[in-house]
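If you count the sequence shown from 1, position 96 lands on 129 in the numbering used here, and the numbers rise without skipping.
Idealized CB from N, CA, C, for every residue including glycine.
None of these values were measured; they are calculated from a predicted model.
Only one structure is covered here, and it is reproduced in the block below.
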Amino acid sequence: GQYPPGLADVLSKAKTFSQQEDFNKKRNSAKDTDEEEYIKKYYDNMADPQKAKQEARKKDAQKEAQKQDATLGTDTTHRTEKQPWEDTETTIMLYYLISQNKMEQLSALLRAVPDMAHVRAANGRG
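Below is the structure:
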C-alpha cells in the first residue's frame, strides 16, 4: 500500500520474513539463517524482557562510545603514562559533557576509554 512519507526511513529498514508455518520451504540460504536467528532472538527477548532491555542499553552505550571514539580522532591525551596538565580537545569535551549534565554520554565514554578519567586540564581539574 501507500504509506506516509514520514515512514519511509522506518520502512526502508524493515525485514520481510516468510510465515513460520511454511513447512514445505527448504531452508538453506544465508537469508533463511538470518531469519532463523532473528526469530530465535525475538523469542528469547519475549521470554526475558529484562535481559533484552539490558542488552539493548549495552548496545546503545557501545554505539555512543564508538561515536565518541570517532570524535576523539588522533588525540592521544587519554594515554595511561604520566601526562602534563593541559587543555586539549579531550579535556574540553569532558568539561562540556560534565557541565551540560550529559551523564549517559560521559558514562559510555568512560566505559569505552577508562583511562580518560585521569586526564587533567591546565587548571588541574579533571
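Among the options, the one whose alpha carbon lies nearest that of residue i
{"i": "T49", "options": "A41, A155, D42 and E68", "result": "E68"}
{"i": "K100", "options": "Q83, Q138 and R90", "result": "Q138"}
{"i": "R158", "options": "P147, T121 and Y36", "result": "T121"}
{"i": "D148", "options": "T124, D93 and S132", "result": "T124"}
{"i": "E119", "options": "N156, P38, A145 and L44", "result": "N156"}
Cβ separation of residue i and residue j, assumed to be a contact under 8 Å, to the nearest whole Å
{"i": "Y129", "j": "A154", "result": "Not really, about 12 Å apart at Cβ, beyond 8 Å."}
{"i": "E97", "j": "A141", "result": "4 Å"}
Test: residue i CB closer than 9 Å to a CB of chain C
{"i": "A41", "result": "The structure shown contains no chain C; it is built from a single protein chain."}
With 16 other Cβ atoms within 10 Å as the buried cut-off, status of residue i
{"i": "T113", "result": "With a pLDDT of only 45 at T113, under the threshold of 50, the placement of this residue in the model should not be trusted; the figure read from the coordinates follows. With fewer than 16 Cβ atoms within 10 Å of its Cβ, T113 is classed as exposed."}
{"i": "V152", "result": "buried"}
{"i": "M79", "result": "exposed"}
{"i": "M126", "result": "buried"}
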